[in-house]
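Asks: Just dropping this structure here.
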Amino acid sequence: MTAPSLIRPPRVTTACLFVGLSCAMLLFYVTSTLSNWGSIEVQDQVKQVLAAEPLKSSGLAITDALSWLRWALMGAAAVAVAGIVFAIYTARGHQASRVILTVICGLASLVFLAGGLFGLLPAAFAIGCGIYLWTADSRQWFAVKNGKAILVEKPRVDPFANPGMTGGFETPREAATQPAEGSPAPQAATYVAAPIRGPQPKAVLGAGLVALIMSAMVALVSGMNAVFYAVAPDAYVRLFNDNPLMRDTVSQAGMTAAELARALFIGCSIALVLSLAAIVAAGATLAGKRLGRNVLVGLTVVTVPISIVAFPVGLVWTAGAIVTLVLLKRPDSRAWFANASTRPARTTKSVDNPG
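Okay, so the sequence shown: first residue is 7 according to the working numbering, each after it adds one.
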């Protein structure tokens, strides 16, 4: 049987899964972009960025911009590959890989913060992954894996040991009371065994918190967009016409600004309902409700393809959904919920009538 300290902490598993999946999706995005590098769409997008401030006054030529951007994408691909490799080795307990993966998380958070308001959430998750690798249980696990600490098992106390063997006199058992002759035999005594349930596993806590944070962000953003369109639809449509990036999105979608705004309103309304349901399911999961756990698993499965369609914006949600699924499918998580839903077994003890 594996010693408790040799079992990988759920926080290390969460951090490695999150970083590894994020790097894999980044690598896919960079590879697909470089494969279409000579297309007119890429050149048009670069021209639009150069035509806006602050790059408009820099006088940067499009050929130079494409060259620099290509080198940047190749560097991002190299970092993504390194992140995948170091995430795998960190999950195996490699000490140097943990240090390098922490540095990658720190650099990624700085890059995300440079992206403005939309980079706050990815930056927070990158910082959280770096912190997860250096918690007390993580440090202890890495120390044991690398031979810097010795695992000492505590002696187990035998719950069936006879306390009378330690000294003194054992209290004699009372003789069973014999029923009077001719009296009815005593009825069978029924005992109800309560289900045994241990403390909440850290994997369940991590899955519930990730689902709550992700769902709360989706509910906030989708709710604001849905309310904005419902209150002032004309002003919402004008945002698409006034913003150059929004105009490009409208032209690529092949719809008018009003049609795209209405489609976004419908999508945000659906996302709001699903995210609110996920918040309730995550709360029920943390409370130990098996139904809440099953609903959360179903909503998480639905989240994965939806967030992939929204790539690269949905990259964080894809990784978070997969991490939530993995944590909820762990053996300790399944056993904890199974014990919560087990019906108490009934045992019957009968006293024979000697008469």
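Where is the CB? At the ideal position from N, CA and C, for every residue including glycine.
Taking 8 Å as the cut-off, does the region 129-148 touch the region 11-26 (at least 3 CB pairs, one atom from each stretch)?
Replies: Counting Cβ pairs under 8 Å, three or more are found: they touch.
Asks: Who are the Cβ neighbours of residue 82 in its own chain at under 6 Å, not counting the five residues just before and after it?
Replies: By one-based count along the sequence shown, residue 82 stands at place 76. For residue 82, where only same-chain residues beyond five positions count, the Cβ hits under 6 Å are 36.
Asks: When you compare only the Cα positions, how much space is there between residue 84 and residue 29?
Replies: Locating residue 84 in the sequence shown gives position 78, where the first residue counts as 1. Locating residue 29 in the sequence shown gives position 23, where the first residue counts as 1. About 10 Å.
Asks: Quick check: what's the CA-CA separation for residue 213 versus residue 329?
Replies: Along the sequence shown, one-based indexing puts residue 213 at 207. Along the sequence shown, one-based indexing puts residue 329 at 323. When rounded, the distance between both Cα atoms is 7 Å.
Asks: Which residues mark the beginning and the end of the alpha helix (DSSP H) in which residue 234 is found?
Replies: Along the sequence shown, read from residue 1 onward, the residue named residue 234 stands at position 228. Where residue 234 is concerned, the enclosing alpha helix (DSSP H) stretches over 208-237.
Asks: So for residue 262, helix, strand or coil by DSSP?
Replies: In the sequence shown, the residue the question calls residue 262 occupies position 256. Reduced to three states, the DSSP call for residue 262 is coil.
Asks: Taking DSSP as the reference, what is the three-state secondary structure of residue 74?
Replies: On the sequence shown, residue 74 is found 68 positions in, with the first residue counted as 1. Correct three-state label for residue 74: helix.
Asks: Do you know offhand how far residue 257's Cα is from residue 267's?
Replies: Numbered from its first residue, the sequence shown carries residue 257 at position 251. Numbered from its first residue, the sequence shown carries residue 267 at position 261. Those two C-alpha atoms are separated by around 13 Å.
Asks: Cutting at 7 Å between CB atoms, please list the residues of its own chain near residue 274, excluding the five before and the five after it.
Replies: Locating residue 274 in the sequence shown gives position 268, where the first residue counts as 1. Closer than 7 Å at the Cβ level, and outside the excluded window around residue 274, lie 228, 231 and 232.
Asks: So which of 327, 281, 208 and 133 has the shortest CA-CA distance to residue 226?
Replies: What you label residue 226 is simply residue 220 of the sequence shown in a count that begins at 1. Answer by Cα proximity: 281.
Asks: Just to check my reading of the structure: residue 291 and residue 331 have Cβ atoms closer than 8 Å, yes? What is that Cβ distance to the nearest angstrom?
Replies: The residue you call residue 291 lines up with position 285 of the sequence shown. The residue you call residue 331 lines up with position 325 of the sequence shown. Not a contact, Cβ separation roughly 12 Å.
Asks: How many angstroms separate the CA atom of residue 341 from the CA atom of residue 293?
Replies: Taking the first residue of the sequence shown as 1, we reach residue 341 at position 335. Taking the first residue of the sequence shown as 1, we reach residue 293 at position 287. When rounded, the distance between both Cα atoms is 15 Å.
Asks: Where does residue 151 sit, in a helix, a strand or coil, going by DSSP?
Replies: Counting from 1 along the sequence shown, the entry for residue 151 is found at position 145. In this structure, residue 151 counts as helix in the three-state DSSP scheme.
Asks: Are the beta-carbon atoms of residue 136 and residue 108 separated by less than 9 Å?
Replies: Looking up residue 136 in the sequence shown gives position 130. Looking up residue 108 in the sequence shown gives position 102. Yes, the Cβ-Cβ distance between residue 136 and residue 108 is below 9 Å.
Asks: Can you list, in chain order, the residues of its chain with a C-beta nearer than 8 Å to that of residue 174? Leave out the 5 residues immediately preceding and following it.
Replies: By 1-based counting over the sequence shown, the position of residue 174 is 168. With a pLDDT of 46 at residue 174, under the threshold of 50, the modelled position of this residue cannot be trusted, and the question is left open.
Asks: Could you spell out the range, first to last residue, of the alpha helix (DSSP H) harbouring residue 327?
Replies: Residue mapping note: residue 327 aligns to position 321 of the sequence shown, counting from 1. Element bounds for residue 327: 321-334.
Asks: Label residue 243 either buried or exposed according to how many other C-beta atoms from any shown protein chain fall within 10 Å of its C-beta, with 16 as the threshold for buried.
Replies: Translated into the one-based positions of the sequence shown, residue 243 becomes position 237. Burial call: buried.
Asks: Pop quiz: residue 92 and residue 106 are said to be a contact at Cβ under 8 Å. What is the actual Cβ separation, rounded to whole angstroms?
Replies: Counting from one through the sequence shown, the residue named residue 92 turns up at place 86. Counting from one through the sequence shown, the residue named residue 106 turns up at place 100. Contact flag correct, Cβ pair sits at about 5 Å.
Asks: Considering only their Cβ atoms, is the gap separating residue 284 from residue 309 smaller than 9 Å?
Replies: The residue you call residue 309 lines up with position 303 of the sequence shown. The residue you call residue 284 lines up with position 278 of the sequence shown. A contact, by the Cβ cut-off of 9 Å.
Asks: Assign residue 276 to buried or exposed, taking buried as 16 or more other Cβ atoms, counted over all protein chains shown, within 10 Å of its Cβ.
Replies: Here residue 276 refers to the residue found at position 270 when the sequence shown is read from its first residue. Residue 276 comes out exposed.
Asks: Is DSSP giving residue 205 helix, strand or coil here?
Replies: Stepping through the sequence shown from its first residue, residue 205 is reached at position 199. Coil.
Asks: Quick one: residues in its chain with C-beta nearer than 8 Å to the C-beta of residue 53, no 5 flanking neighbours on either side, listed in chain order?
Replies: Within the sequence shown, numbered from 1, the residue matching residue 53 stands at position 47. So the list reads 68, once near-sequence residues are dropped.
Asks: Short check: CB of residue 86 to CB of residue 32, under 9 Å?
Replies: Translated into the one-based positions of the sequence shown, residue 86 becomes position 80. Translated into the one-based positions of the sequence shown, residue 32 becomes position 26. Contact: yes.
Asks: Should residue 210 be labelled buried (16 or more other beta-carbon atoms within 10 Å of its own) or exposed?
Replies: In the sequence shown, residue 210 corresponds to position 204, counting from 1. Residue 210 comes out buried.
Asks: Rounded to the nearest angstrom, what separates residue 295 and residue 204 at their Cα positions?
Replies: Taking the sequence shown and counting its residues from 1, one reaches residue 295 at position 289. Taking the sequence shown and counting its residues from 1, one reaches residue 204 at position 198. Looking at the two C-alpha atoms, the distance is approximately 14 Å.
Asks: Taking C-alpha atoms, which residue in 110, 128, 126 and 101 lies nearest to residue 154?
Replies: For this step, residue 154 is matched to residue 148 along the sequence shown. It is 101 whose Cα lies nearest to the Cα of residue 154.
Asks: Would DSSP call residue 285 helix, strand or coil?
Replies: Stepping through the sequence shown from its first residue, residue 285 is reached at position 279. Three-state DSSP puts residue 285 in a helix.
Asks: In three-state terms, what does DSSP make of residue 42?
Replies: As a working mapping, residue 42 is identified with position 36 in the sequence shown. Residue 42: coil per DSSP, three-state reduction.
Asks: Pull up the distance between the alpha-carbon of residue 128 and that of residue 27, whole angstroms please.
Replies: Translated into the one-based positions of the sequence shown, residue 128 becomes position 122. Translated into the one-based positions of the sequence shown, residue 27 becomes position 21. Near 13 Å, if we compare the C-alpha coordinates of residue 27 and residue 128.
Asks: Between the C-alpha atoms of residue 182 and residue 215, what's the straight-line distance to the nearest angstrom?
Replies: Sequence index remark: in the sequence shown, residue 182 carries index 176 (1-based). Sequence index remark: in the sequence shown, residue 215 carries index 209 (1-based). In this prediction, residue 182 scores a pLDDT of 49, lower than 50, which makes its location untrustworthy; the coordinate-derived value is nonetheless stated afterwards. About 55 Å.
Asks: From this set, 24, 123 and 302, which residue's C-alpha is nearest residue 110's C-alpha?
Replies: Locating residue 110 in the sequence shown gives position 104, where the first residue counts as 1. When each option's Cα is compared against that of residue 110, the closest is 24.
Asks: What are the start and end residues of the alpha helix (DSSP H) that includes residue 314?
Replies: Counted from its first residue, the sequence shown places residue 314 at position 308. 296-315 is the span of the alpha helix (DSSP H), which, as asked, contains residue 314.
Asks: Give me the Cα-Cα distance between residue 7 and residue 304, rounded to the nearest whole angstrom.
Replies: For this step, residue 7 is matched to residue 1 along the sequence shown. For this step, residue 304 is matched to residue 298 along the sequence shown. Confidence is the limiting factor: at residue 7 the pLDDT is only 46, short of 50, which leaves the residue's position unreliable and the question unanswerable from this model.
Asks: Are there 16 or more other CB atoms within 10 angstroms of the CB of residue 121, so buried, or fewer, so exposed?
Replies: Counting from one through the sequence shown, the residue named residue 121 turns up at place 115. By the 10 Å Cβ count, residue 121 comes out exposed.
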